[in-house]
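Number of protein chains: 2
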Amino acid sequence: MQLYNLKAAPNPRRVRIFLAEKAIAVPLVEIDLAKGENRTPEFLAKNPLGLLPVLELDDGAVIAESVAICRYFEEQQPTPPLFGTTPLERARIEMWNRRAELEVMLPVIDHFVHTHAFWQGRRLQSAEVGELARDTALKRMAWLDAELAEREFLAGDRYSMADITLQCALLLGKNTGAPIPESMPNLTRWFAVVTARPTARA
Amino acid sequence: MQLYNLKAAPNPRRVRIFLAEKAIAVPLVEIDLAKGENRTPEFLAKNPLGLLPVLELDDGAVIAESVAICRYFEEQQPTPPLFGTTPLERARIEMWNRRAELEVMLPVIDHFVHTHAFWQGRRLQSAEVGELARDTALKRMAWLDAELAEREFLAGDRYSMADITLQCALLLGKNTGAPIPESMPNLTRWFAVVTARPTARA
C-alpha cells in the first residue's frame, strides 16, 4: 500500500493528519507537480484528474479523493473514531465536514487561485472574484467563530474529520492572505488547539 | 420527522431521489426562497446558511447537507445499498460521488450563477468565469463519457449515490445552458437510463 502525496497541498494534508491520528503508517510517494509527475500516463491511469492524494492498495486498486481515502481507513481501523460512532453523530460530522470543505476550503482556494502570483498564466484570474471569495471565507469564519463559542470542536466535544478539514483550509488561508481575523477569539482558540496536536505536522 | 425542501434545486432533489429509491416516505415542507422563508429566524436556527435541504428529526435534532442526510437514512435502512456494501466499494462510491459534486455539479452551478439573468443583481457575475466553468464542466463530461464506456453506472454495475449526484448536476446543466453534448454517447445513454427510473421524478 502507498499514498501518492503532495506535501504542501491541503487535501493530502487531510489524509496525513487522519492517518497520524490513527497511528497508521503508510509509505508516501511524493509527486512533483513542477516536473509534471501528476501528468504522466502512469499517474493519470491512477487518477485521470491528476489530483492528489491517491491511495494505491497492494492489489493495485486505487482510491482517489481525500475523504474517500479517510473513510476507507476509518473502516479498517475504527479507533479512534474520526467520523463518529452513532448514525446521528456520523451525520453531524459529515455535515460539518462538508461545510468546512464547501463553505471555507473552496472559497479559500478560490481566493488563492484568483489572486496569487503563482497562478498567473496557469489559470484565468479575476481579482474581483478572488476578493469575493475572500469575503465569503471571512463571513463563514465569523459564523464558525460563533459556533465554537458553544463547543470545543467543530462537530461536538471530540476532534473529528470536520476539524481536520477546517484546520487544513485555514492553514492554507493563513499562508495565502486569508488568515483568521484577530476579532474571532473562538476560532483563534480552536485553531491553536488543533494545530498544537502532534498530528498537525504530519 | 420532516424534510425542508426546495423543489427546483439540485441538492434537495438528491435527497428526494435517494428516499424514493429506498421507498422511505418523509413529509416535505416547501420553503419559498422568493418570500425569504429560508432567511427567517426560525429557519436560520435550523441551518444558519439558509440552505436546503434540512432534515428535522422528531426530537428536534436537525441535519443539513444533502449527503449527510442521505447517509443518515442509509444507516437507518441499508437496503437497497446506495453507498456500497464493502469498505472498498464504499470508498469508490464516495470517490465518484465527490467527483460528480466537485467536478461537475460545482462548475455547472458556477456557470449558472455567473451567466444567468436570474442572478443579476443577486450575485457578482463574471461572464468570463461563467464560460470557464462551462468549459470545465464539458471537459469533465467528456471524461465521464469515456469512463461510462466501460461500465453501466458511475461507480460500478449498480446504481448508487454517485449516480444520483451526477444526474442532478446534469439536469441542472440541461436547464441552464450546459447540456450533455450530442457527441457523448455513453454519458447520453447513462443519463437516459437514470432519468427513466421512476425515482427520478421524486
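Read top to bottom, the protein sequences are chains P and H. According to my numbering, the first sequence is numbered sequentially starting from 2. According to my numbering, the second sequence is numbered sequentially starting from 2. Glycine included, each C-beta is placed from N, C-alpha and C at the ideal position.
Exercise. How long is the line joining the alpha carbons of H:A197 and H:E104, rounded to whole angstroms?
Worked result: Along the second sequence, one-based indexing puts residue 197 of chain H at 196. Along the second sequence, one-based indexing puts residue 104 of chain H at 103. Spanning the two alpha carbons is a distance of roughly 24 Å.
Exercise. Do H:P108 and H:T87 have their C-beta atoms closer together than 9 Å?
Worked result: Walking along the second sequence from the start, residue 108 of chain H turns up at place 107. Walking along the second sequence from the start, residue 87 of chain H turns up at place 86. Cβ distance not < 9 Å, so H:P108 and H:T87 don't count as in contact.
Exercise. If you draw a straight line from the alpha carbon of P:A1 to that of P:M142, how long is it in whole angstroms?
Worked result: What is shown of chain P runs 2 to 203, which leaves residue 1 of chain P out entirely.
Exercise. If the cut is a Cβ gap below 7 Å, which residues of chain H does P:A65 touch?
Worked result: Position 64 of the first sequence, counting from 1, holds the residue named residue 65 of chain P. Within chain H, the residues near P:A65 are M96.
Exercise. Whole-angstrom Cβ separation of H:M96 and P:I181, contact assumed at under 8 Å?
Worked result: In the second sequence, counting from the first residue as 1, residue 96 of chain H sits at position 95. In the first sequence, counting from the first residue as 1, residue 181 of chain P sits at position 180. Contact between H:M96 and P:I181 fails: their C-beta atoms lie close to 31 Å from each other, not under 8 Å.
For this session: Could you pull out every residue in the same chain whose Cβ sits closer than 8 Å to the Cβ of H:G51, ignoring the five residues on either side in sequence?
Result: As a first step, residue 51 of chain H must be located in the second sequence, where it is residue number 50. Excluding positions up to five away in sequence, the list reads N39, R40, F44 and L45.
For this session: Use the C-beta contact count for P:P11: other C-beta atoms within 10 angstroms, 16 or more gives buried, fewer gives exposed.
Result: Translated into positions along the first sequence, residue 11 of chain P becomes position 10. By the 10 Å Cβ count, P:P11 comes out buried.
Exercise. Three-state secondary structure (DSSP) at H:I64?
Worked result: What you label residue 64 of chain H is simply residue 63 of the second sequence in a count that begins at 1. In this structure, H:I64 counts as strand in the three-state DSSP scheme.
Exercise. Would P:I18 be called buried (16 or more neighbouring beta carbons within 10 Å of its own) or exposed?
Worked result: On the first sequence, position 17 is the one that residue 18 of chain P refers to. By the neighbour-count rule (16 or more Cβ atoms within 10 Å), P:I18 is buried.
Exercise. With respect to the beta strand (DSSP E) encompassing H:Q3, which residues constitute its N-terminal and C-terminal limits?
Worked result: Along the second sequence, one-based indexing puts residue 3 of chain H at 2. Here the beta strand (DSSP E) through H:Q3 covers Q3 to N6.
Exercise. Of all Cβ atoms in chain P, is any one closer than 9 Å to the Cβ of H:I25?
Worked result: Numbered from 1 along the second sequence, position 24 holds the residue referred to as residue 25 of chain H. Judged by the 9 Å Cβ criterion, H:I25 is not in contact with chain P.
For this session: Write down every uninterrupted run of the alpha helix (DSSP H) in the segment 48-126 of chain H whose length is 4 residues or greater and which is fully enclosed by it, in chain order.
Result: Taking only runs of at least 4 residues, the alpha helix (DSSP H) segments lying wholly in the segment 48-126 of chain H are 67-77, 88-100 and 107-116.
For this session: Please check if any C-beta of chain H sits within less than 9 Å of the C-beta of P:E148.
Result: The sequence position of residue 148 of chain P within the first sequence is 147, counting from 1. True, the Cβ-Cβ gap to chain H drops below 9 Å.
Exercise. How about H:V105: is its C-beta nearer than 9 Å to some C-beta of chain P?
Worked result: Counting from one through the second sequence, the residue named residue 105 of chain H turns up at place 104. H:V105 does not count as touching chain P.
For this session: Taking a Cβ distance cut-off of 7 Å, strictly less, list which residues of the segment 71-83 of chain H are near chain P, in chain order.
Result: R72, Y73, E76 and Q77
Exercise. Run through DSSP, which three-state label would H:G178 get?
Worked result: Locating residue 178 of chain H in the second sequence gives position 177, where the first residue counts as 1. In this structure, H:G178 counts as coil in the three-state DSSP scheme.
Exercise. Anyone know if the C-beta pair for H:V16 and H:L34 falls short of 9 Å?
Worked result: Counting from one through the second sequence, the residue named residue 16 of chain H turns up at place 15. Counting from one through the second sequence, the residue named residue 34 of chain H turns up at place 33. No; because the gap between Cβ atoms is not below 9 Å, this pair is not in contact.
Problem set entry | Sub-9 Å separation of P:G178 and P:R124 beta-carbons | On the first sequence, position 177 is the one that residue 178 of chain P refers to. On the first sequence, position 123 is the one that residue 124 of chain P refers to. Contact: no.
Problem set entry | Selection from H:W191, H:V195 and H:T116 that minimises the alpha carbon distance to H:D146 | Taking the second sequence and counting its residues from 1, one reaches residue 146 of chain H at position 145. Ranking the options by Cα distance to H:D146, first place goes to H:W191.
Exercise. Whose Cβ in chain P lies nearer than 9 Å to the Cβ of H:W144?
Worked result: Within the second sequence, residue 144 of chain H is the residue found at index 143, counting from 1. Simply P49 and L50.
Exercise. Mapping DSSP to helix, strand and coil, what is P:E31?
Worked result: Reading the first sequence from its first residue, position 30 is the one you call residue 31 of chain P. Strand at P:E31.
For this session: May I ask you to list the residues that DSSP assigns as paired with H:F192?
Result: In the second sequence, residue 192 of chain H corresponds to position 191, counting from 1. DSSP output for H:F192 lists no bridge partner at all.
For this session: Report yes if the CB atom of H:S67 is closer than 9 Å to the CB atom of H:P13, and no otherwise.
Result: Position 66 of the second sequence holds residue 67 of chain H. Position 12 of the second sequence holds residue 13 of chain H. H:P13 sits close to H:S67, with the two beta carbons spaced by under 9 Å.
Exercise. Measuring CA to CA, which of H:A24, H:V194, H:R159 and H:A201 is closest to H:C169?
Worked result: Translated into the one-based positions of the second sequence, residue 169 of chain H becomes position 168. Nearest C-alpha to H:C169: H:A201.
For this session: Measure the CB-CB distance between P:T189 and P:A101 and report whether it falls below 9 Å.
Result: Here residue 189 of chain P refers to the residue found at position 188 when the first sequence is read from its first residue. Here residue 101 of chain P refers to the residue found at position 100 when the first sequence is read from its first residue. No, these two residues do not count as a Cβ contact at 9 Å.
Exercise. Between the segment 171-197 of chain H and chain P, which residues of the former have a C-beta closer than 9 Å to a C-beta of the latter?
Worked result: The segment 171-197 of chain H vs chain P, Cβ under 9 Å: nothing.
For this session: In angstroms with no decimal places, state the Cα-to-Cα distance between P:E76 and H:R99.
Result: In the first sequence, the residue the question calls residue 76 of chain P occupies position 75. In the second sequence, the residue the question calls residue 99 of chain H occupies position 98. Those two C-alpha atoms are separated by around 18 Å.
For this session: Have a look at the DSSP bridge pairing and note the partners of P:G157.
Result: Taking the first sequence and counting its residues from 1, the one referred to as residue 157 of chain P is at position 156. DSSP lists P:F154 as partners of P:G157.
For this session: Look at the Cβ atom of P:I94, then the Cβ atom of P:A150, and state whether they are nearer than 9 Å.
Result: By one-based count along the first sequence, residue 94 of chain P stands at place 93. By one-based count along the first sequence, residue 150 of chain P stands at place 149. No, these two residues do not count as a Cβ contact at 9 Å.
Problem set entry | Minimum Cβ-Cβ distance from P:L53 to chain H less than 9 Å | As a working note, residue 53 of chain P is residue 52 in the first sequence. Interface with chain H (9 Å Cβ-Cβ cutoff): P:L53 is excluded.
For this session: Anything in chain H within Cβ reach of P:E129, meaning under 8 Å, just list it in chain order.
Result: As a position in the first sequence, residue 129 of chain P is number 128, starting the count at 1. Correct list: L125 and S127.
Problem set entry | Amino acids of chain H, ordered along the chain, whose beta-carbon sits closer than 7 Å to that of P:A62 | The residue labelled residue 62 of chain P in the question sits at position 61 within the first sequence. L89, listed in chain order.
Problem set entry | chain H residues whose Cβ lies nearer than 8 Å to that of P:V68 | What you label residue 68 of chain P is simply residue 67 of the first sequence in a count that begins at 1. Residues of chain H passing the Cβ test: E95 and R99.
Exercise. Going by alpha carbons, who is nearest to P:P186 out of P:W144, P:P49, P:C71 and P:V30?
Worked result: Working through the first sequence from its first residue, we reach residue 186 of chain P at position 185. The option with the nearest alpha carbon to P:P186 is P:W144.
Exercise. By a C-beta neighbour count over all protein chains shown, 10 Å radius and 16 as the cutoff for buried, is P:L207 buried or exposed?
Worked result: The first residue shown for chain P is 2 and the last is 203, placing residue 207 of chain P beyond what the model contains.
Exercise. Contact check, P:H115 vs P:S127 under 8 Å by CB: the rounded distance?
Worked result: As a first step, residue 115 of chain P must be located in the first sequence, where it is residue number 114. As a first step, residue 127 of chain P must be located in the first sequence, where it is residue number 126. Taking 8 Å as the upper bound for CB-CB distance, P:H115 and P:S127 are in contact here, some 6 Å apart.
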